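Residue numbers (the working numbering): 95 to 598.
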């Protein structure tokens, strides 16, 4: 699914109006009906409602919703803020349609007005500003937002919590953003909704389909997409009836150090579940017994040191290499790592300690092979860049820049993991949950993507299938065992079910 910027969403509205064709006021009415339905499904007419409407089309939506709720027996008090005596055309029409139907209507034309009493039982509809906002709120609107945030009322925001910008909030004033309990957004998630530090403003999120132009959506390119089930299903390779292990690919994992055999075990187990024909694990001698007992399906190759990876190995016989889980950051390991990356011609996945070593030797990053796959979590990404970032959007932007600079595939891990492609485009993942915030889940992803590469998938397809299956396995796991007790091994247990669901 394409994700459009706020500018493109405005163009989508206009295209729908011109080509459906439909009047803008009627499109607003359509949106208001969808919002009203969502509110009525959650709260009955005994719930007192206070609406705060701004002067633009977001305010027009709020006024239309207030009218519709009133017609269904809800008690609605409305405040329309028209301090510059300039309403959008559709907002003005909805003001005229509204005034005689709600419990109380106040049009605020000056800076001062009598604040309403907002109790824990009150439902606040936030319709001050939507996706058209281009700068932080200030003045009276900022004060109003702070007042709403300090009340015990439940807040529903229309389309976007007022004050939140649709993309970059790096320079926003965070105290001047509505903290919604529920956001009813139109057509699609906004880019800002995909970043963890904005979750505090969004609350629960529900996307409402209001029938915008499919033609525009199909024909308009976007730098951002959301990966969905039907996308991944199309990518799956068939398994030939005459296949044998030699024809299904061979994966090499360089993982583990003394005391960190578990990371190698998790990566290897996930790799064996990827569909690949053979998995070989190169690990220090002291991990030999652990590996043989834990993953009997894998071949185990012992390095020259009992505790650490200290010498690169011949990767020529292999179709893909995954390196990093539990590797440690010994200086000899670091030298072996860059030597390994220089000599390997197969597809490469770099994670965990391999990323941390590169962060400590950033000059080496210019020597990385093109199309390398890197899977950092946010802290690892900061280390790679050598900077700290105030917002997730800034960190995301840096990952995107690094992927184009290195011509690499970078999966910035998170609730909506972002696959940054060498051409600057980004694919966000739609699976996964907070139960996966536990040690070892990244090792599982590394093993899974390495196996998919060896199995014969392209770099981009292996990344997309891998991160989708990884999250889907987590979603299937919590459906049975819940979030609190989820461990990384559970993802491996549910990988076969995740594959089966996609193969249906």
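Just so it is clear, CB atoms sit at the ideal spot from N, CA and C, and this is done for glycine as well.
The structure displayed is predicted, hence computed values, not measured ones.
Of the listed residues the options, nearest to residue i (C-alpha basis)
i           : options            : result
residue 380 : 373, 355, 567, 333 : 355
residue 334 : 370, 171, 157      : 370
residue 422 : 492, 230, 402      : 402
residue 118 : 100, 187, 284      : 187
residue 456 : 324, 337, 496      : 496
residue 292 : 257, 280, 166      : 257
residue 435 : 580, 410, 107      : 410
residue 511 : 548, 565, 234, 518 : 565
residue 343 : 583, 561, 545      : 545
residue 486 : 595, 261, 540      : 261
residue 267 : 349, 235, 284, 288 : 235
residue 298 : 440, 136, 474, 592 : 136
residue 398 : 373, 280, 388, 427 : 427
residue 384 : 362, 125, 107      : 362
residue 107 : 470, 148, 125      : 125
residue 156 : 123, 389, 523      : 123
residue 286 : 316, 255, 270      : 255
residue 195 : 158, 302, 250, 431 : 158
residue 408 : 424, 440, 388      : 440
residue 165 : 177, 181, 192      : 192
Reduced DSSP secondary structure (H/G/I, E/B, other) of residue i
i           : result
residue 407 : coil
residue 523 : strand
residue 175 : strand
residue 279 : strand
residue 169 : coil
residue 150 : coil
residue 485 : coil
residue 587 : helix
residue 354 : coil
residue 62  : Because the chain in this structure spans residues 95 to 598, residue 62 falls outside the shown range and cannot be described.
residue 467 : strand
residue 257 : coil
residue 336 : coil
residue 116 : coil
residue 225 : coil
residue 577 : coil
residue 474 : helix
residue 491 : helix
residue 213 : coil
residue 433 : helix
residue 366 : helix
residue 164 : helix
residue 327 : helix
residue 270 : helix
residue 593 : helix
residue 462 : coil
residue 262 : coil
residue 206 : coil
residue 361 : helix
Unbroken beta strand (DSSP E) run spanning residue i, endpoints
i           : result
residue 310 : Segment 308 to 313 is the alpha helix (DSSP H) holding residue 310; no beta strand (DSSP E) there.
residue 198 : 198 to 202
residue 345 : 344 to 348
In DSSP terms, what residue i is bridged to
i           : result
residue 441 : 414
residue 220 : 146, 251
residue 302 : 280
residue 372 : 344
residue 122 : Its beta-bridge partners do not exist; DSSP assigns none.
residue 394 : 375
Heavy atom of the ligand GTP within 7 Å of residue i beta-carbon
i           : result
residue 415 : Absent from the structure shown: the ligand GTP. Ligands present: none.
Residue i, enclosing alpha helix (DSSP H) - first and last residue
i           : result
residue 235 : 233 to 244
residue 320 : Where residue 320 is concerned, there is no enclosing alpha helix (DSSP H), although the beta strand (DSSP E) it sits in stretches over 318 to 321.
residue 103 : 100 to 113
residue 384 : 382 to 388
residue 451 : 447 to 454
residue 424 : Per DSSP, residue 424 belongs to no alpha helix (DSSP H) and is neither H nor E.
residue 402 : No alpha helix (DSSP H) contains residue 402, which DSSP labels as neither H nor E.
residue 183 : 183 to 192
residue 293 : 293 to 296
- May I have a chain-ordered list of the alpha helix (DSSP H) segments no shorter than 4 residues that lie completely inside the region 496 to 570? Runs found: 535 to 549.
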